[in-house]
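Peer 1: Residue numbers (our numbering): 3 to 544. Where a beta carbon is used, it is the ideal one built from N, C-alpha and C, also for glycine.
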Amino acid sequence: MTLTFSRRSLLATGTLGLGAFALPGFAAAQTILAARGFTHSVASGEPAGDSMLLWTRYVPNAGDSARLVAEISETADFARVVASGACLTGAWRDWTAKVTLDGLTPGTDYHYRFVAADGTRSPVGRTRTLPGDGARAFRAAIFSCSNLGYGWFNAYGHAAERDDIDLAIHLGDYFYEYSPDHYPPKEAQLAGRVPQPLAETIHLADYRLRFASYRADPDLQALHARVPWVVQWDDHESANDSWEGGAQNHDPASEGDWNTRRDASVQAYREWMPVSDEPWKAYDIGTLATLWRTETRLFARSRQREIAALLGAPDPAAALVAFRDGAWQDEAVTMMGSQQESWLAHDLRRSVRQGQRWQVVGFGTIMGHLQIPVAAESLLGSANPRARDYIRGGIAATRAGIDSNLDCWGGYPAARARFLRSAQAAEAELVVICGDSHNAWAFDLAQDGAAGVEFAGQAVTSPGYEASLTADPATVARLMVAGNRELTWCDTSRRGYMALTITPETVRNEWLFVDTIRQRDPRARVGHVATVARGRRRIAAA
């Protein structure tokens, strides 16, 4: 059964839905701020075998707070409510509400809703608890990099129409912090999809309003209301290329203290998303797998270096070699910080000892070694000036033996090695999933031997290599696979999502590509499939 909301039912409950898209300048601030009742439908997350977190947003007609009751039932008519819980909300948390309900049954479909003090009811959502030990299959839809201005969220729409998805996972860049005319630039902005505020998100009110704009999208609302989500941020939920002490897209002189901006972004994220306040967490999927969400941006990440800065040295080649032999390999440089590294290493061992068949770890950025091959010089004639600079920089890094993107795990080789060795020591059946790059990749991860596999997902809408290069994407893919020892396949031109199917003996990943993002059309098709068999720790030959 597919959950659907009619335009009339959305408007009747005060929910911002399809009607918002008829407005000039989609998601106008005055429309969002004036909405009353259940303004953004419902969502669920933080699934377990016996509990679920439920989310909504409710603004009363009067008063400085509101009391809500969450109800969950196995039937759509709520004839028997199996669990319920009350909560208070108000302006202090932007009228969002979260309730975790216990006493549920593993592997069971539930209906849920919120009821306000005046009897008003939210739309009804569907959710599903994580399975028990006898489960034979589990399927998750995996998303990243959803920029509203570049197009329609057809990947969400396609997944919301499926009946075989147990969980949605978002690996970061759920929204983008830029002013709407910066990224995308005006010439690429899709008419009617201009998020609020009409400026960069810096303050708490800005981040809240950007969430409200994105969460008004009907396809995003539908998927949130259809399945539970596990979510983690990457950089754009705060600012581009963020790290513990700042971000590439943060200027303290004009935008204030970084810690204030970071804290505002975290607060708004935890208000608006169906996520707990824990910075990282493990989810046991019966005996099939353990899934981990991680934090690799705001709390411990060391500052990333820029290839461009190294190329600005008097002798760029010498500067790259000196970096390769020195700062690049510094063991103090970290993605996760020692506390999270230790927790994850211990929990990998726990999962294996406990009998989980697979260990699935979600990261924001790519772990597989990825360099721009020297042969890519042949593409320079078809690249725009910015892309030419990027390719030339990447080729220079390749010649020095450095990965081309230092904001990914390629800029943190000692931290990468520590993680992979911990997985090997635990004898984990490791599957890494990630987003960030906007393109699709499959890697065999190695650290003095096979360590596991990585499935990296394409963006929901954000542009990839195809936006900068006019070369045939098949040519680009061939050059990348030939020039990277861990890379087994890639696609550098299409948008969509991944569907990961876990069984006791195999993990199968499908890359689904939507037909378009320039029109609202939820059609998609499988473009590639990769499978890893238990005990192999390498992608099976096609």
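When you compare only the Cα positions, how much space is there between residue 553 and residue 415?
Peer 2: One cannot answer for residue 553 here, as it falls past the ends of the chain, which runs 3 to 544.
Peer 1: When you compare the CB positions of residue 495 and residue 230, do they come within less than 8 angstroms of one another, or not?
Peer 2: For residue 495 and residue 230, no; Cβs fall outside 8 angstroms.
Peer 1: When the distance is taken between beta carbons, is residue 155 closer than 8 angstroms to residue 219?
Peer 2: Contact: yes.
Peer 1: Find the nearest neighbour of residue 426 within the set 436, 441 and 447, judged by alpha-carbon distance.
Peer 2: Closest option to residue 426, Cα to Cα, is 447.
Peer 1: Tell me where the alpha helix (DSSP H) around residue 273 begins and ends.
Peer 2: Note, residue 273: alpha helix (DSSP H), 260-274.
Peer 1: The alpha helix (DSSP H) spanning residue 421 covers which residue range?
Peer 2: 415-427 is the extent of the alpha helix (DSSP H) around residue 421.
Peer 1: Please work out which residues of its chain come closer than 8 angstroms, Cβ to Cβ, to residue 110, disregarding the five sequence neighbours upstream and downstream, and give them in chain order.
Peer 2: Excluding sequence neighbours, residue 110 sits near 76, 130 and 131.
Peer 1: Are the beta-carbon atoms belonging to residue 149 and residue 186 less than 8 angstroms from one another?
Peer 2: Result yes, Cβ atoms of residue 149 and residue 186 sit closer than 8 angstroms.
Peer 1: Out of 432, 459 and 387, state which residue places its alpha-carbon closest to the alpha-carbon of residue 443.
Peer 2: It is 459 whose Cα lies nearest to the Cα of residue 443.
Peer 1: May I have the straight-line CA-CA distance separating residue 225 from residue 146, to the nearest angstrom?
Peer 2: Roughly 14 angstroms between the two C-alpha positions.
Peer 1: Assuming residue 366 and residue 466 are in contact, meaning their beta carbons sit under 8 angstroms apart, how far apart are those beta carbons, in whole angstroms?
Peer 2: Not quite, the Cβ-Cβ distance comes to about 17 angstroms (not below 8 angstroms), so this is no contact.
Peer 1: Under the assumption that residue 382 contacts residue 393 (Cβ atoms under 8 angstroms), give the Cβ distance between them as a whole number of angstroms.
Peer 2: So it is a contact: roughly 6 angstroms between Cβ atoms.
Peer 1: Suppose you measure from the CA of residue 310 to the CA of residue 362; what does that come to, to the nearest Å?
Peer 2: Using only the alpha carbons, I get a separation of about 34 angstroms.
Peer 1: Buried or exposed: where does residue 247 fall if 16 or more other Cβ atoms within 10 Å of its Cβ makes it buried?
Peer 2: With fewer than 16 other Cβ atoms within 10 Å, it is exposed.
Peer 1: Please specify which runs of the beta strand (DSSP E), each continuous and at least 3 residues long, are wholly inside the segment 333-406, giving them in chain order.
Peer 2: The segment 333-406 contains these whole beta strand (DSSP E) runs: 360-365.
Peer 1: Suppose you measure from the CA of residue 135 to the CA of residue 357; what does that come to, to the nearest Å?
Peer 2: Their Cα atoms are separated by approximately 10 angstroms.
Peer 1: List, from N- to C-terminal side, the beta strand (DSSP E) runs of 3 residues or more that fit wholly inside the segment 193-263.
Peer 2: List check, beta strand (DSSP E) in window: 231-233.
Peer 1: Output yes or no for whether 8 angstroms exceeds the beta carbon distance between residue 395 and residue 405.
Peer 2: No, the Cβ-Cβ distance between residue 395 and residue 405 is not below 8 angstroms.
Peer 1: Residues bridged to residue 123 by DSSP?
Peer 2: Answer is 117, bridged to residue 123.
Peer 1: Could you please give the first and the last residue of the uninterrupted beta strand (DSSP E) stretch that includes residue 83?
Peer 2: Residue 83 -> beta strand (DSSP E) spans 83-92.
Peer 1: Nearest CA to the CA of residue 71: which residue from 91, 63 and 81?
Peer 2: When only C-alpha atoms are compared, the closest one is 91.
Peer 1: Is it buried or exposed for residue 322, if we count other Cβ within 10 angstroms and need 16 for buried?
Peer 2: Under this definition residue 322 is a buried residue.
Peer 1: With distances taken from CA atoms, which of 489, 74, 100 and 390 is nearest residue 455?
Peer 2: Of the listed residues, the one whose Cα sits closest to residue 455 is 489.
Peer 1: Between which two residues does the beta strand (DSSP E) holding residue 41 run?
Peer 2: First-last of the beta strand (DSSP E) with residue 41: 39-47.
Peer 1: Give the DSSP bridge partners of residue 527, in chain order.
Peer 2: 515, per the DSSP bridge assignment.
Peer 1: Helix, strand or coil for residue 448, going by three-state DSSP, please let me know.
Peer 2: Residue 448: strand per DSSP, three-state reduction.
Peer 1: Where do the ends of the beta strand (DSSP E) carrying residue 71 lie?
Peer 2: Segment 67-75, the beta strand (DSSP E) holding residue 71.
Peer 1: DSSP state of residue 55, grouped into three classes?
Peer 2: Strand.
Peer 1: Keeping to the same chain, check which residues put their C-beta closer than 8 angstroms to that of residue 470; ignore five residues upstream and five downstream.
Peer 2: So the list reads 385, 386, 388, 389 and 392, once near-sequence residues are dropped.
Peer 1: Thinking just about the alpha-carbon of each residue, which of 410, 113, 88 and 208 is nearest to the one in residue 81?
Peer 2: Nearest option by C-alpha distance: 113.
Peer 1: Just to confirm my understanding: we take residue 193, look at its own chain, exclude 5 residues before and 5 after, and list those with CB closer than 7 angstroms. What are they?
Peer 2: Counting only Cβ-Cβ distances below 7 angstroms, and skipping sequence neighbours, we find nothing.
Peer 1: Tell me whether residue 411 sits in a helix, a strand or coil according to DSSP, three-state version.
Peer 2: Residue 411: helix per DSSP, three-state reduction.
Peer 1: Tell me the rounded alpha-carbon separation between residue 214 and residue 249.
Peer 2: One C-alpha to the other measures close to 24 angstroms.
Peer 1: What does a CB cutoff of less than 6 angstroms around residue 223 pick up in its chain, not counting 5 residues either side in sequence?
Peer 2: Taken in chain order, the residues that qualify are 43.
Peer 1: In chain order, what residues of the same chain have a beta carbon less than 8 angstroms from the beta carbon of residue 258, not counting five sequence neighbours either side?
Peer 2: Same-chain partners within the cutoff: 204.
Peer 1: Leaving aside the five residues before and after residue 486 along the sequence, list all residues of the same chain whose C-beta is less than 7 angstroms from its C-beta, in chain order.
Peer 2: Within the same chain, residue 486 has close Cβ partners 371, 372 and 373.
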